[in-house]
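Trainee:
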Amino acid sequence: EDKVVQSPLSLVVHEGDTVTLNCSYEVTNFRSLLWYKQEKKAPTFLFMLTSSGIEKKSGRLSSILDKKELFSILNITATQTGDSAIYLCAGTSGTSYGKLTFGQGTILTVHP
Amino acid sequence: GAGVSQSPRYKVAKRGQDVALRCDPISGHVSLFWYQQALGQGPEFLTYFQNEAQLDKSGLPSDRFFAERPEGSVSTLKIQRTQQEDSAVYLCASSAGGDTQYFGPGTRLTVL
Chain R
2 EDKVVQSPLS
12 LVVHEGDTVT
22 LNCSYEVTNF
32 RSLLWYKQEK
42 KAPTFLFMLT
52 SSGIEKKSGR
62 LSSILDKKEL
72 FSILNITATQ
82 TGDSAIYLCA
92 GTSGTSYGKL
102 TFGQGTILTV
112 HP
Chain V
31 GAGVSQSPRY
41 KVAKRGQDVA
51 LRCDPISGHV
61 SLFWYQQALG
71 QGPEFLTYFQ
81 NEAQLDKSGL
91 PSDRFFAERP
101 EGSVSTLKIQ
111 RTQQEDSAVY
121 LCASSAGGDT
131 QYFGPGTRLT
141 VL
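Here the protein sequences line up with chains R and V, keeping their order.
Read left to right, the first sequence gives residues 2 to 113 (my numbering).
Read left to right, the second sequence gives residues 31 to 142 (my numbering).
1) Using the Cα positions of V/LEU51 and V/ASP116, report the straight-line distance between them to the nearest angstrom.
2) Looking at V/GLU82 and V/GLY102, is the spacing between their C-beta atoms short of 7 Å?
3) Just the Cα atoms here: how many angstroms apart are R/THR21 and R/ILE74?
4) Under DSSP, the beta strand (DSSP E) around V/GLY127 begins and ends at which residues?
5) Determine whether the Cβ of R/TYR88 lies closer than 7 Å to any Cβ atom of chain V.
6) Do R/ALA43 and V/PHE133 have their C-beta atoms within less than 7 Å of each other?
7) So if DSSP puts R/GLU15 in a beta bridge, which residue, or which two residues, is it bridged to?
8) For R/LYS100, which residues in chain V fall below 7 Å Cβ to Cβ?
9) Taking R/ASN23 as part of the beta strand (DSSP E), name the residues at either end of that continuous run.
10) Using beta carbons (cut-off 7 Å, strictly below), is V/PHE95 in contact with chain C?
11) Between the alpha carbons of R/THR96 and R/THR29, how many angstroms are there, rounded?
12) Around the C-beta of R/ILE55, are 16 or more other C-beta atoms found within 10 angstroms, so that it is buried, or is it exposed?
13) Among the residues of its own chain, which have a CB less than 7 Å from the CB of V/ALA86, if the five just before and after it don't count?
14) For V/TYR65, report the span of its beta strand (DSSP E) as first-last.
15) With distances taken from CA atoms, which of R/ASN23, R/TYR37, R/THR80 is nearest R/PRO9?
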C-alpha cells in the first residue's frame, strides 16, 4: 500500500522565520510528488516534482525532490502570517491513474 | 466558472438519510477525482473518472457510496443510509490529464 508521511505535524514560527517541511514517500512505480496549500477550503496547487535534485521555486517558496532517499522538502523563507495553512504533499503512481496519495499534512502557524 | 465548484458547501443529514453531492469540474478537464478528508487528516482517494467512465472505485468505503458522471462533465457522489462515520469534507478535483489536480472548495457533511 502506498504511503506518504509528513513531518512535523505542526509548526509555530514568527514572521520572518524560515521553515522546512518534510515529506517522505513509499509509492509503487512512483511518478510525481505534489505540494498543496490548504487554507480552510480547497487545496491550492504549489509544485509538482518529477526529477531528483531540480529545485522548483515560486517567490519565497521552493521545493526539491530526492528520488534516491524518497523524500521531498518544501522551504518557505521570510514567512508571513498569510503563510499560515496546512501544507499537504501527495505522491502519484504510474499504475494508479494519477490518483493522489496524501500525507496527513503539516499545520503551519505564523505569528506576527 | 474558472475553477472547480461543489454544492452544497455544507450538508447536515440525519443518520440513515441519503445525500447527493455535486461537482462541476473545470471545463474541458477529462479526469475527475473524489476524495474524503476527515478532520485533521489528509484527503483520501475515493474514485476516479475519465470522461464518463469510472476507471477506479477502489477507495469507496462501502457499497453505500456511489458516484456517477453520465455525460463526462458534472459528477455526483451519492451516499445512501448515511452513518456518523461518513462525516467528513468531500473534495472533488479535476485535471486535464496530467498529474496536477485542481480542487474544489469541498462539501462538509455532518451526519447527526
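We treat Cβ as the ideally placed atom computed from N, Cα and C, and that holds for glycine.
Mentor: Working from what's here:
1) 13 Å
2) yes
3) 6 Å
4) Note, V/GLY127: premise wrong, no beta strand (DSSP E); not H, not E.
5) no
6) yes
7) Note that residue 15 of chain R is His in the sequence shown here, rather than Glu. Paired residue(s): R/HIS112.
8) PHE63, PHE75, TYR78, ASP86
9) 20 to 27
10) Judged by its chain identifiers, the structure shown contains no chain C, and its protein chains are R and V.
11) 8 Å
12) exposed
13) According to the sequence shown, residue 86 of chain V is Asp rather than Ala. For V/ASP86, where only same-chain residues beyond five positions count, the Cβ hits under 7 Å are THR77, TYR78.
14) 61 to 67
15) R/ASN23
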